[in-house]
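The structure appears below as structure tokens.
2 protein chains.
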Amino acid sequence: MDKEVDYSLCWLEYSKIDDEPYREKLSKVVKNIIAVGQDKFTQTAVEELKTAVTSLVGFEPEVSKEALCGDNPISGIIVGNVTDALIMKYISDDEIQKLDEEGYVIKSVKENPGLVVIGSKNGHGLVYGAFSFIKHIQLKRDVEEVHIIDNPKCKLRLLNHWDNMDGTVERGYAGRSIFFCDNKVTNSLGRIKDYARLLSSIGINGVVINNVNVNKNAIWLITPKYLGDLAKLADVFRQYGIKIYLSINFASPIYIGKLKTADPLDEDVIKWWKETAKTIYEYIPDFGGFLVKADSEFNPGPYKFGRDHADGANMLAEALAPYGGIVIWRCFVYNCTQDWRDTKTDRAKAAYDIFKPLDGKFAENVVLQVKYGPMDFQVREPVSPLFGGLERTNQLIELQITQEYTGQQIDLCYLATMWKEVLEFDTYAKGPESKVKYVVDGTLFNNKYSGFAGVSNVGSDKNWTGHWLAQANLYAFGMLAWDHSFTPEEIAREWCVRALTNDPFAVETIVSMLMRSWRVYEKYTAPLGIGWMVTPHTHYGPSVDGYEYSKWGTYHRADTKAIGIDRSVKSGTGFAGQYHRENAAMFESMETCPEELLLFFHRVPYDYVLKSGETLIQHIYNTHFEGAEEAEKLKEDWVKIKDYIRKDIYEDVLERFNRQIENAKEWRDVVNSYFYRKTGIPDKYGRKIY
Amino acid sequence: MDKEVDYSLCWLEYSKIDDEPYREKLSKVVKNIIAVGQDKFTQTAVEELKTAVTSLVGFEPEVSKEALCGDNPISGIIVGNVTDALIMKYISDDEIQKLDEEGYVIKSVKENPGLVVIGSKNGHGLVYGAFSFIKHIQLKRDVEEVHIIDNPKCKLRLLNHWDNMDGTVERGYAGRSIFFCDNKVTNSLGRIKDYARLLSSIGINGVVINNVNVNKNAIWLITPKYLGDLAKLADVFRQYGIKIYLSINFASPIYIGKLKTADPLDEDVIKWWKETAKTIYEYIPDFGGFLVKADSEFNPGPYKFGRDHADGANMLAEALAPYGGIVIWRCFVYNCTQDWRDTKTDRAKAAYDIFKPLDGKFAENVVLQVKYGPMDFQVREPVSPLFGGLERTNQLIELQITQEYTGQQIDLCYLATMWKEVLEFDTYAKGPESKVKYVVDGTLFNNKYSGFAGVSNVGSDKNWTGHWLAQANLYAFGMLAWDHSFTPEEIAREWCVRALTNDPFAVETIVSMLMRSWRVYEKYTAPLGIGWMVTPHTHYGPSVDGYEYSKWGTYHRADTKAIGIDRSVKSGTGFAGQYHRENAAMFESMETCPEELLLFFHRVPYDYVLKSGETLIQHIYNTHFEGAEEAEKLKEDWVKIKDYIRKDIYEDVLERFNRQIENAKEWRDVVNSYFYRKTGIPDKYGRKIY
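Chains as they are written, first to last, in this note's numbering: chain A, 3 to 692; chain B, 3 to 692.
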């Protein structure tokens with residue numbers, strides 16, 4: 003790498019634009035940057051524009067802090083607040099009306115060719131506007147025709163880092179933590195700044211920097227022991243409009259405060275949290291708030307003290323409210339010591355059963371964070387019935403960018419295609435068009451807070467994400483959180499051009515690879531929504547019975563005749579009944595249940611004939627043979643575009659494909675052998691099964 | 003515990019004998035101890051006798067270093083070498099003839115009532131004699147009738163500790179290492195001395211103190227960095243006739259010597275090992291030798307340099323020979339990255355295939371260490387065909403005292419019953435009565451070195467072995483290594499009386515529990531010799547397919563019709579053919595194969611009818627229901643003897659039984675459900691299967 007830093011800057015790498023006529027045209031506009039305001043966001047926006055132009059176009063633009071000389075219109079980029087006279091000159095009241103708090107306008111001034119205005123109502127938007135303009139020129143769009151008025155659809159666009167203070171990352175597949183090392187907060191602020199730039203460029207406005215499982219030293223992050231160092235991180239992120247949040251341990255009053263209880267209704271506990279909040283805000287005035295994993299997988303919570311989740315969350319919310327902070331409370335609560343013999347208890351039902359009765363009981367600065375499906379980030383799950391189920395509660399959708407169950411950044415799996423399906427799912431909460439996307443953007447139920455939380459796939463690797471192509475997942479998460487109307491395909495294309503190559507053949511090849519990758523991964527892993535056939539603990543590679551006799555509530559119950567869980571109301575666990583009527587009816591019946599979720603909702607005999615005309619068992623064989631073949635095809639495609647990809651990236655990715663192919667074969671053979679040995683039914687095409 | 007030390011002394015606890023007439027009779031003998039010699043072993047023997055008598059009888063005996071006054075016979079214990087005039091006076095030439103190097107004689111002098119002589123040819127024997135006499139009185143045997151001439155049957159009676167320098171113990175279930183902590187050698191020599199006492203009292207004469215997997219700091223144990231500290235350990239053990247040995251890393255010349263190779267035929271490598279041996283013996287003049295796990299489970303070995311095991315072992319042996327040291331070379335060599343799809347490769351065959359061709363090629367101070375079965379310490383395996391197969395090679399049988407696959411010192415599993423079966427197995431190497439016990443005692447092939455190596459079950463727990471009753475396994479190992487003619491039952495009884503209680507009802511209850519425990523454990527775990535149905539990595543609890551699609555060569559290949567591996571010559575992997583004719587024929591056929599090993603040697607349909615009249619599948623169900631019930635019976639028996647057991651021991655053991663019962667139920671239900679789901683065949687007695 004011929005850069006000063008030893009890591010990639012992903013889609014902010016800025017290779018010089020090789021299209022000379024375009025560069026020529028562009029040069030007229032970008033040679034001047036006029037910064038109207040003096041605030042930090044204007045500085046950030048200007049700095050980013052300058053950096054980008056210098057690399058992309060090849061010269062350093064002149065930056066003036068003055069207004070234009072006299073009334074003479076000149077060419078250049080004017081960056082400023084829409085209340086500034088100079089900006090108001092070019093932006094109409096109507097346009098200003100359309101801007102939200104974080105929105106921006108970019109406008110080429112018709113009457114003044116070569117002049118582009120970037121304006122926002124407050125500072126944040128200017129930074130987004132600057133990055134948007136940079137994207138515009140990276141994609142070689144016409145600068146003379148630009149006219150964008152853009153607002154984020156969701157208020158909260160957050161990343162969750164599952165980083166531990168010892169430097170490990172839970173479910174991290176891209177190296178070590180960039181925030182922590184040896185139980186200290188990092189002082190490598192250069193990399194943190196570059197991370198903030200990457201995140202801001204895709205619209206992220208908050209990062210939870212520590213693991214939701216808060217143990218050992220991490221419990222003390224909310225104390226002066228670490229707050230000084232955290233404040234330095236916050237300073238870096240603040241420049242880019244990003245707040246920092248912390249995961250907390252609900253029992254902190256006991257661990258840190260030496261109190262006898264962490265009961266959320268106890269006066270001393272309430273007082274302790276208020277004092278703690280006060281201290282935090284002294285160090286970090288714009289601290290975002292707390293993320294809480296309570297009463298979940300061995301983490302303490304209000305249950306321990308005979309209270310419910312609303313009691314717990316509201317108490318914390320009251321402590322943060324004076325400072326504008328929020329409490330993000332996870333709904334990932336279920337019995338993780340279930341007896342596998344118990345067929346009545348259904349983990350899928352737990353979150354709804356627990357949180358639906360609390361709907362409307364949470365303080366206005368509490369946001370519930372709900373995993374997209376009722377289980378845990380499987381390659382295929384139905385959408386959680388809490389979306390549409392909670393009608394009077396702020397909520398975030400939790401997506402997993404890190405590929406815990408989806409190939410661990412060894413196997414290619416572009417997740418935007420899955421996320422898009424989830425967002426487009428119609429909950430029917432208020433009749434048709436009550437889609438998940440309208441729940442999480444807050445419009446359906448008019449929430450004060452709502453949005454996206456993504457479990458980060460980032461680590462200290464030079465490409466940040468382990469697999470170079472997994473950058474696309476981080477990119478897509480930001481783009482969808484900003485505006486869920488983007489299609490996965492256009493996001494993939496944008497990312498590819500900005501980060502990898504602009505050769506049309508290579509771009510289309512990569513877009514095609516990304517677009518089909520999720521389905522390929524699904525094909526060679528657990529079939530038809532049943533999930534969980536992974537190696538215990540690591541969650542990579544096949545182990546069909548690995549979670550079958552476990553305490554985790556994760557069962558397929560395959561026997562010699564049938565497989566799947568009956569979650570119907572009529573004869574099963576009743577999970578299907580947690581949805582609104584239309585969906586409940588759809589999932590209830592084997593005939594109307596979407597086939598990709600068939601085994602999630604129904605117990606199905608192996609000789610059941612699917613819509614394809616194949617039996618269930620034959621479908622399992624077919625998809626597994628196909629999936630492994632298609633994994634090989636991914637590699638073949640990659641090899642074809644070798645000449646268009648930087649050598650080190652090409653080799654790194656090739657090595658991943660080789661590993662993916664091995665993994666896919668192992669999945670194919672283990673799953674097929676498992677079912678062949680269990681059913682005795684041969685593959686009708688006579689392919690090799692062991 | 004009302005002792006100075008915070009750990010048990012096991013069978014050397016010495017509670018006062020509560021039988022007053024016996025104590026009275028005894029007092030006459032034990033009031034005087036006459037130490038003839040002045041050497042260290044005499045000192046040790048006298049010290050042990052004195053300690054024991056003081057506690058057991060209630061007074062401190064008088065110790066005189068002088069001979070008897072004049073010719074007047076007095077009562078007392080005379081301890082000394084059989085070449086001493088005073089001893090020779092009472093011990094006949096004939097008796098002396100019968101003594102081996104480590105043997106001893108204990109004799110009550112008829113013509114001089116109240117006088118007992120303990121004599122040996124060299125010092126070691128005196129210590130054994132002293133402990134033997136102590137046992138004699140603990141068991142309240144007649145001191146006036148005592149006449150024992152005893153020699154160990156095997157020359158090498160070794161423990162292997164799989165202790166790591168960070169203080170962990172691989173496959174240890176009894177706390178931390180007693181030898182290492184924080185990458186240092188322990189300086190808690192008090193506990194080491196008590197350990198030496200325990201081992202010497204059961205006849206152990208060597209300990210390998212570090213893990214056979216030699217990594218990181220442990221590689222440097224053979225250098226002056228640690229030899230000073232090791233010498234202090236050796237000093238403690240030496241008092242008790244125990245030598246210390248070290249496991250080494252075969253690539254040490256590269257790691258430590260900075261050589262480019264560890265090729266055993268390379269001059270520099272040879273020289274390096276010679277110098278290393280010289281240095282070691284400067285620190286520890288009676289150093290036992292090296293234990294080597296080479297070319298095994300990722301450990302380096304001669305293969306890496308194109309050499310064979312004989313090349314590797316002989317090179318090391320040459321370095322140790324001048325000092326009387328030996329090389330113990332493990333035969334646990336197999337392909338641990340097998341493809342589960344490959345049905346031709348059979349891990350069971352590996353050790354014989356590799357080492358049989360090298361028979362006769364090893365130096366005379368090399369000993370091969372062979373696990374009792376061809377796989378890895380499963381609850382049931384056939385005896386390794388290397389026993390009887392190797393005819394011109396020194397060999398040790400490797401037994402696993404630590405209960406890796408046999409309940410991990412949570413579940414009760416007295417292993418002497420299994421070991422006894424192994425020792426009684428007739429190899430037919432030289433016709434009938436070529437039993438394994440005659441191989442390992444060296445008589446069958448007239449070996450210079452042979453004996454037992456046991457993987458220790460000891461750690462820092464106060465009872466040394468995690469489960470109090472697991473002490474019986476350590477005790478039994480020593481007893482069998484000393485004299486394989488002991489029965490498991492008499493060993494159990496001895497241990498129980500010495501270590502736990504002498505109430506007859508309690509003793510018989512415990513002996514019965516111990517005697518049936520292995521079979522109980524076998525019943526609820528993997529059936530009929532198939533093995534391996536354990537949770538991967540931890541090896542506790544059931545996972546029927548846990549090692550089925552793995553790289554470890556461990557498969558049951560159960561399908562809907564049959565289970566088991568055909569290892570016959572005619573139609574299978576040919577493993578059965580590695581035995582001598584009589585055994586090969588027996589294992590070859592399903593009819594003559596011992597039923598408990600049926601699935602190890604044969605692929606058997608579930609409806610195959612066993613000798614019991616039950617089908618295979620019904621046998622699996624039956625044994626698993628029985629095993630879980632019998633585990634509950636063990637606890638019931640324990641509860642019955644509550645009043646005879648010290649309270650803390652009673653509670654500790656009760657807690658283990660509760661865990662065992664849970665484990666047994668889990669095994670029962672998982673195994674039964676697995677096979678029911680796979681075969682669809684119901685239990686004919688209609689018991690609950692999930």
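Note that CB positions come from ideal geometry on N, CA and C, so glycine has one too.
query = If we ignore side chains and look at the alpha-carbon of each, how far apart do residue 3/A and residue 330/A end up?
reply = The predicted model places residue 3/A with a pLDDT of 37, which falls under 50 and marks its position as unreliable; any figure quoted below should be read in that light. Cα-Cα distance, rounded: 40 Å.
key: Selection from 570/B, 263/B, 383/B, 124/B that minimises the alpha carbon distance to residue 594/B   = 570/B
ask   = Do the CB positions of residue 663/A and residue 637/A come within less than 8 Å of each other?
value = yes
query = Is the segment 502-516 of chain B close to the segment 635-649 of chain B, with three or more CB pairs under 8 Å?
reply = yes
message = By the DSSP assignment, the alpha helix (DSSP H) with residue 34/A in it spans what residues?
response = Not the alpha helix (DSSP H): residue 34/A falls in the beta strand (DSSP E), residues 34-37.
query = Expressed to the nearest angstrom, what Euclidean distance is found between the alpha-carbon atoms of residue 688/A and residue 249/A?
reply = 53 Å
ask   = Would residue 411/B pass as a contact of residue 472/B if the rule is Cβ separation under 8 Å?
value = yes
query = Closer than 7 Å, Cβ to any Cβ of chain B: which residues of the segment 659-682 of chain A, in chain order?
reply = 671, 672, 679, 680, 681, 682
message = Looking at chain A, is there any beta carbon in it that lies within less than 8 Å of the beta carbon of residue 343/B?
response = yes
ask   = What span of residues does the beta strand (DSSP E) with residue 83/B cover, start to end?
value = 78-83
ask   = Between residue 131/B and residue 335/B, what straight-line distance do the alpha-carbon atoms span, to the nearest angstrom?
value = 39 Å
query = Cα separation between residue 90/B and residue 84/B?
reply = 6 Å
ask   = Is the Cβ of residue 20/A closer than 8 Å to any Cβ of chain B?
value = no
ask   = Thinking just about the alpha-carbon of each residue, which of 540/B, 461/B, 278/B is nearest to the one in residue 251/B?
value = 278/B
inquiry  = Per the DSSP calculation, residue 1/A is bridged to which residue(s)?
reply    = Because chain A is modelled from 3 through 692, residue 1/A falls outside the range shown and cannot be assessed.
message = To the nearest angstrom, how far is the alpha carbon of residue 681/A from that of residue 607/A?
response = 10 Å
query = Mind checking if residue 346/B is an interface residue toward chain A, Cβ cutoff 8 Å exclusive?
reply = no
task = Identify, in the order they occur along the chain, each residue of the same chain with its Cβ nearer than 6 Å to the Cβ of residue 558/B, setting aside the five sequence neighbours on each side.
result = 532, 565
task = Could you check if residue 388/B is buried or exposed, using at least 16 other CB atoms within 10 Å of its CB as the buried criterion?
result = buried
request  = Compare the C-beta of residue 473/A with all C-beta atoms of chain B and state if any pair is closer than 8 Å.
outcome  = no
key: Spatial distance of residue 578/B from residue 586/B (CA atoms)   = 5 Å
task = To the nearest angstrom, report how far apart residue 129/A and residue 80/A are at their CA atoms.
result = 13 Å
inquiry  = Quick check on residue 692/A - is its C-beta less than 8 Å from some C-beta in chain B?
reply    = yes
inquiry  = Let's see if you can read the secondary structure: which residues bound the alpha helix (DSSP H) around residue 286/A?
reply    = From DSSP, residue 286/A is part of no alpha helix (DSSP H); its letter is neither H nor E.
query = What does residue 546/A reach in chain B if we use C-beta pairs closer than 9 Å?
reply = 547, 551
ask   = Counting only runs that start and end within the segment 394-473 of chain A, where is the alpha helix (DSSP H) found for 4 or more residues in a row?
value = 418-426, 438-442
Residues of the segment 550-578 of chain A whose Cβ lies closer than 9 Å to any Cβ of chain B, in chain order = 550, 551, 559, 560, 561, 562, 563
DSSP three-state assignment for residue 504/A, whether helix, strand or coil = coil
request  = Could you tell me how far apart the beta carbons of residue 398/B and residue 368/B are, in whole angstroms, since I believe they sit closer than 8 Å?
outcome  = With 8 Å as the limit, residue 398/B and residue 368/B do not qualify as a contact, their Cβ atoms being about 11 Å apart.
request  = Report the three-state DSSP secondary structure of residue 626/A (helix, strand or coil).
outcome  = helix
ask   = For residue 625/B, which residues of its own chain have a beta-carbon under 7 Å away from its beta-carbon, when the five flanking residues on both sides are left out?
value = 525, 529
inquiry  = Quick check: the segment 305-324 of chain A against the segment 359-366 of chain A, are at least 3 beta-carbon pairs closer than 8 Å?
reply    = yes
task = Output yes or no for whether 8 Å exceeds the beta carbon distance between residue 623/A and residue 547/A.
result = no
message = Since residue 555/A and residue 177/A should fall inside the 8 Å C-beta cutoff, what is the C-beta to C-beta distance between them, to a whole number of angstroms?
response = Not a contact, Cβ separation roughly 32 Å.
key: In DSSP terms, what residue 332/B is bridged to   = 371/B
key: Whole-number beta carbon distance between residue 106/B and residue 152/B, since they are thought to touch under 8 Å   = 6 Å
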